[in-house]
Ligand code: 5GP
């Protein structure tokens, strides 16, 4: 089991800037890092080896792989298709490793969209002349292809503002140190780590209660749900799934046996937990009905859709005229479980609320849903809540007590909530 989630590092920029050398340097320097071997339709160049430099396929094969959902990202670069394996990247990250991608700018932007916590590094030569002489000295492309690559470089550079870091590859030795520093710095980031042991030692009372979870079965729901309009379209919400994922990691690290029930979220699944993927509120409800009786806690961190289209249309609704969308309320999973399950486990609910009455509404929800505790987090605070890497709020318990957590990374909040919930249940306070 790995406590530190791996990093997804993307090196992009014009071809010839030296990305591949930098990528391989990271893999050689950090044992936790692995290089993602792309698939391409271009032909083998020089001493390139199948499976080491690229997987070489025909255009037909590549198009079929797109159809099959094989790629996490793909792009057409200089007339050839290039793509990254979804399964390989997800598996490496789930195992706690870091993944280094050497891809073009279009692919990098797709990755950032899918993995908002990925780190994008833009690599460039000190001048256009250096870039063209590097491309010509590689002796791998005809002069007209080199020209094409230079034209493409101008377009790629226009995206530099979307990147997290910039490395000007003037002297290789300096650039190697720079990418190494980025890797090391990122791994020290608060948002990527759990509470350091020193912090735990200074304030042990904040973490007491974690031990309660050892060997307990905890179900954590996460992410948004999707409510289908037709076979292609759906309505959903902005939940990234980071809070739920962090809760699953925190309970796992406290020794619990975690079942992670997730809607379509952006984050890779935590390693060392059983995961069930669902789409709609109904599907999530069905899984929970089957599982909650055997659980010691249900953590309802998922942002379940409150509404769904009243009518499902077969196929893909054609664009024409006006389309009237009527929504109906989805079933309230917690209320429904509380009503229908005899031996319901304690519940920790989550409540994102806006406005001055948010806290009151959250307390009302806790009561209505029969939850043992509810984490109220205000939605109108900059940088916290949905789509953000941090959060803040209050964990209220049914006995009237509460624990306040100030704005911090979702990973930290999850650890504090896990301990607080354990402390509460240890006292024999059930629902
Ligand atoms: P080359 O043909 O010189 O090996 O690569 C051409 C460009 O395609 C480079 O900028 C390289 O980084 C990029 N590339 C390589 N693999 C991938 C990939 O899997 N996805 C994307 N989007 N670009 C890639």
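Numbering (my numbering), first residue to last: 40 to 470.
For each residue, glycine too, the CB sits at the ideal point set by N, CA and C.
- Please classify residue 314: does DSSP put it in a helix, a strand, or coil? strand
- Where residue 265 falls, given that 16 or more other Cβ within 10 Å makes a residue buried: buried
- Same chain only: Cβ atoms within 7 angstroms of residue 175, ignoring 5 sequence neighbours per side: 185
- Kindly provide the ranges of any beta strand (DSSP E) runs that are 3 or more residues long and lie completely inside the segment 126-182, ordered along the chain. 137-141 and 158-163
- Closest residue to residue 104 among 122, 88 and 308 (Cα-Cα distance): 122
- Task: Mind the definition here: the segment 139-158 touches the segment 239-249 only if three or more C-beta pairs lie below 8 angstroms; say whether that holds.
- Result: no
- Are the beta-carbon atoms belonging to residue 486 and residue 459 less than 9 angstroms from one another? For residue 486 there is no data in the structure shown, the boundaries of the chain being 40 and 470.
- Task: Consider the C-beta atom of residue 167 and the heavy atoms of ligand 1; say whether any pair is separated by less than 8 angstroms.
- Result: no
- May I ask whether a heavy atom of ligand 1 can be found less than 8 angstroms away from the beta carbon of residue 73? no
- Task: Return helix, strand or coil for residue 339, following the three-state DSSP convention.
- Result: strand
- Who are the Cβ neighbours of residue 432 in its own chain at under 7 angstroms, not counting the five residues just before and after it? 414, 415, 416, 417 and 444
- Item | Other residues of its chain near residue 323: CB distance less than 8 angstroms, five sequence neighbours each side excluded | 260, 264, 300, 302, 317, 341, 343 and 372
- Does at least one heavy atom of ligand 1 sit under 8 angstroms from the Cβ of residue 236? no
- Task: Report yes if the CB atom of residue 215 is closer than 9 angstroms to the CB atom of residue 61, and no otherwise.
- Result: yes
- Query: In chain order, what residues of the same chain lie with their CB nearer than 6 angstroms to the CB of residue 181, ignoring the 5 residues before and after it?
  - Reply: none
- Relative to the C-alpha of residue 94, which residue among 311, 403, 81 and 421 is closest? 81
- Item | Beta carbon of residue 366 nearer than 9 angstroms to that of residue 346 | yes
- Can you tell me the Cα-Cα spacing of residue 451 and residue 187, whole angstroms? 48 angstroms
- Could you please give me the residues that DSSP links to residue 222 through a beta bridge? Paired residues: none, contrary to the question.
- Message: Please tell me whether residue 72 and residue 150 are closer than 9 angstroms, where the distance is taken between their beta carbons.
- Response: no
- Contacts around residue 24, its chain only, beta-carbon distance under 8 angstroms, and the 5 residues preceding and following it disregarded: As shown, the chain starts at 40 and ends at 470. That puts residue 24 outside it, with no answer to give.
- Task: Grab me the residues of residue 136's own chain with a C-beta within less than 6 angstroms of its C-beta, minus the 5 sequence neighbours each way, in chain order.
- Result: 45, 71 and 73
- Item | residue 378 - DSSP class collapsed to helix/strand/coil | helix
- Message: Taking 8 angstroms as the cut-off, is the C-beta of residue 151 nearer than that to any heavy atom in ligand 1?
- Response: no
- Query: Looking only at C-alpha atoms, which of 376, 213 and 69 sits nearest to residue 225?
  - Reply: 69
- Task: Please state whether DSSP places residue 356 in a helix, a strand or coil.
- Result: coil
- Alpha carbon to alpha carbon, how far is residue 446 from residue 153? 25 angstroms
- Item | Inter-residue spacing [alpha-carbon to alpha-carbon] between residue 130 and residue 97 | 25 angstroms
- According to the neighbour-count rule (16 or more other Cβ atoms, all chains shown, within 10 Å of its Cβ), is residue 304 buried or exposed? buried
- Task: Determine the burial state of residue 392: buried for a count of at least 16 other Cβ atoms within 10 Å of its Cβ, exposed for fewer.
- Result: buried
- Spatial neighbours of residue 47 in its chain, beta-carbon cut-off 6 angstroms, leaving aside the 5 residues before and after: 138, 154 and 157
- Message: I believe residue 114 touches residue 141 by the beta-carbon criterion, under 8 angstroms. Please report the beta-carbon distance rounded to the nearest angstrom.
- Response: Actually they do not touch by this definition, with Cβ atoms about 13 angstroms apart.
- Task: Indicate whether residue 440 and residue 463 have their beta-carbon atoms separated by less than 9 angstroms.
- Result: yes
- Query: Would the beta-carbon of residue 324 be found less than 8 angstroms away from any heavy atom of ligand 2?
  - Reply: With respect to ligand 2, the structure shown offers nothing to examine, as its ligands consist of ligand 1.
- Query: Cβ of residue 55 within 9 angstroms of Cβ of residue 171?
  - Reply: yes
- Item | Under 9 angstroms between C-beta atoms of residue 85 and residue 76 | no
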